[in-house]
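The structure appears right after this line, and notes come after that.
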């Protein structure tokens, strides 16, 4: 996997380390990024699950005539 070097505010990284209970700055930031991505995937799945029945109901109704 490719690696990227970035600079972050030290206070921000320490806050993440404390909240996540992770001793390594790199591991703590990686955990936050992975959580953010997973949250996005869960949100997309919920939207698809809620939107699916609506689309099926809309498709089942005949178009209005008149």
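Numbering (our numbering), first residue to last: 1292 to 1357. Just so it is clear, CB atoms sit at the ideal spot from N, CA and C, and this is done for glycine as well. Please read all numbers here as calculations on a predicted model, not as lab measurements.
Start-to-end residues for the alpha helix (DSSP H) that takes in residue i
| i | result |
| --- | --- |
| residue 1309 | 1301-1311 |
Supposed close pair residue i, residue j - CB separation, criterion 8 Å
| i | j | result |
| --- | --- | --- |
| residue 1295 | residue 1320 | Not quite, the Cβ-Cβ distance comes to about 11 Å (not below 8 Å), so this is no contact. |
| residue 1322 | residue 1313 | 6 Å |
Residue nearest to residue i in terms of C-alpha spacing, selected from the options
| i | options | result |
| --- | --- | --- |
| residue 1308 | 1299, 1300, 1318 | 1318 |
| residue 1396 | 1341, 1316, 1328 | Not covered by the structure: residue 1396. The range shown for the chain is 1292 to 1357. |
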